[in-house]
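Heads up, the thing below is written out as structure tokens.
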Amino acid sequence: MKQRFALAVHGGAGALSNIPPKRISNFKEGIREALLAGQSILSQGGTSIDAVQAAVVVLEDFPAFNAGKGAVCASDGNHYLDASIMSGAPSSHTGGDPLLRSGAVTGVRNTKNPIALARLVRDASMHTLLRGNHADAFAKEHGLETVEANYFATNYRSQQLKRAQERGSVVQDHDLESADPDSKKGTVGAVACDCNGTLAAATSTGGRVNQHPGRVGDSAIVGAGTYAEDGVCAISATGWGELFLEHSVASSIALLIREAGFSFQDALERIVLSRLPKNSGGVIAVNSNYEILMPYNTGGLIRGCIDERGILQIGIHSEMTISES
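If you use the numbering used here, the sequence shown corresponds to residues 18 to 342, in order.
What follows is the structure in structure tokens.
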């Protein structure tokens, strides 16, 4: 009998119109690879937190997305990377303390995979969030792969920064006003429910084009861009980070389910489609019943999902392409 599981991933929300077919193919290829990486763990009885980490690592290494390699540039031309990860179950590496279910980093510049560092913070420290060079030093101390800061750079991102500075704008990963359709690339994330019903979520980003150095969005903040609670739901968000912070999006969805008795679908729609301003972003979500929902209030959401049946579903706009894994 196959192990039950459910996994969803995203690669950013936005208008996502007028994008060249080649870039569409790149997005879908990245989503497919991330789903297969997570599937290989979950199908063998692995944990949800290992699966979401593996899926996000693939997307961090895939230059089409705004995370890890290919991350956007801040106003000073540098890359400042944020990530967070959370499990519905406590970390066994820290004695099962119920407070140690999450880890996060912000302003990382030298760690190849920020999501792996966020996991390390969860598992090997008594903290939830580490920042900047101190986070990078923690990665190096524990043997994570580190790189020179220019590893994350791409020519496209350098040109994108130049265009943003010429316009005097700060560009969202889902910015509808950008004249450059190629800029609709964004934050990545994953959510999963494993064979034991344990939930996990992970999110990683390079932030906003031309952002002020030191800016922190929702992707590094547990309860805003990432949340997981067994028996409730797991959430990874993408969009206008400031709004997701102000509305505590991920934890607000969980609160409606846990305390107010909302259904999974109703809670997601109340926050994403009713409470958040239009064109602000979207989320991917899974619950302990292996249900996946991926609502968004923008023109599109780069997303995909898979379960124990091996059926891949990948989409950017309302339609989803279905294929065997």
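Backbone N, C-alpha and C fix where the C-beta goes; we use that ideal spot for every residue, glycine too.
Compare the C-alpha of residue 235 against each of 247, 297, 246, 182 and name the closest. 297
Per DSSP, what kind of secondary structure is residue 193 in: helix, strand or coil? Because the pLDDT of residue 193 is 36, which lies under 50, any placement of that residue in the model is unreliable, and the number read from its coordinates should be weighed accordingly. Of the three classes helix, strand and coil, the one that applies to residue 193 here is coil, per DSSP.
Go ahead and pull the three-state DSSP assignment for residue 202. Only weak support is given to the placement of residue 202: the predicted model assigns it a pLDDT of 47, under 50, and the question is left unresolved by the model.
For residue 232, which option in 73, 148, 264 has the closest C-alpha, if you only look at C-alpha atoms? Proximity to residue 232 across 73, 148, 264 peaks at 148, based on C-alpha coordinates.
With residue 27 as the anchor, note down where its beta strand (DSSP E) starts and where it stops. 23 to 31
Classify residue 64: buried if its beta carbon has 16 or more other beta carbons within 10 angstroms, exposed otherwise. buried
Express the C-alpha separation of residue 204 and residue 227 in angstroms, rounding to a whole number. 15 angstroms
Taking DSSP as the reference, what is the three-state secondary structure of residue 36? coil
In the DSSP assignment, find the unbroken alpha helix (DSSP H) run with residue 168 in it and report its ends. That residue, residue 168, is in no alpha helix (DSSP H); it is neither H nor E in DSSP.
Are the CB atoms of residue 76 and residue 26 within a distance shorter than 9 angstroms? yes
May I ask you to verify whether the segment 325 to 337 touches the segment 36 to 48, counting CB pairs closer than 8 angstroms and requiring at least 3? yes
Report yes if the C-beta distance between residue 99 and residue 128 is below 9 angstroms; otherwise report no. no
Note down the Cα distance separating residue 192 from residue 335, rounded to an integer number of angstroms. With a pLDDT of 48 at residue 192, under the threshold of 50, the modelled position of that residue is not reliable, and the figure given next carries that caveat. Rounded to whole angstroms, residue 192 to residue 335 spans 19 angstroms at the Cα level.
Identify whether residue 339 lies in helix, strand or coil by the three-state DSSP scheme. strand
Among 301, 316, 179, which has the Cα closest to the Cα of residue 310? Ranked by Cα distance from residue 310, the first of 301, 316, 179 is 301.
Quick one: is residue 288 buried, meaning 16 or more other Cβ sit within 10 Å of its Cβ, or exposed? Its Cβ being crowded by 16 or more others within 10 Å, residue 288 is buried.
Determine the extent of the beta strand (DSSP E) in which residue 98 is found, giving its start and end residues. DSSP places residue 98 in the uninterrupted beta strand (DSSP E) bounded by 98 to 104.
Tell me whether residue 153 sits in a helix, a strand or coil according to DSSP, three-state version. helix
Have a look at 259, 304, 321 and flag the residue whose alpha-carbon is nearest the alpha-carbon of residue 293. 259
Using 8 angstroms as the cut-off, can you tell me whether the segment 87 to 96 makes contact with the segment 160 to 170, which would need three or more C-beta pairs spanning the two stretches below that distance? yes
What residue range is occupied by the uninterrupted alpha helix (DSSP H) comprising residue 78? No alpha helix (DSSP H) holds residue 78; DSSP gives it neither H nor E.
C-alpha gap between residue 67 and residue 74, whole angstroms: When the Cα atoms are used, residue 67 and residue 74 turn out to be separated by approximately 11 angstroms.
Between which residues of its own chain and residue 164 is the CB-CB distance below 7 angstroms, once the five residues before and five after are set aside? 127, 129
When burial is assigned at 16 or more other CB atoms within 10 Å of the CB, is residue 131 buried or exposed? It counts as buried.
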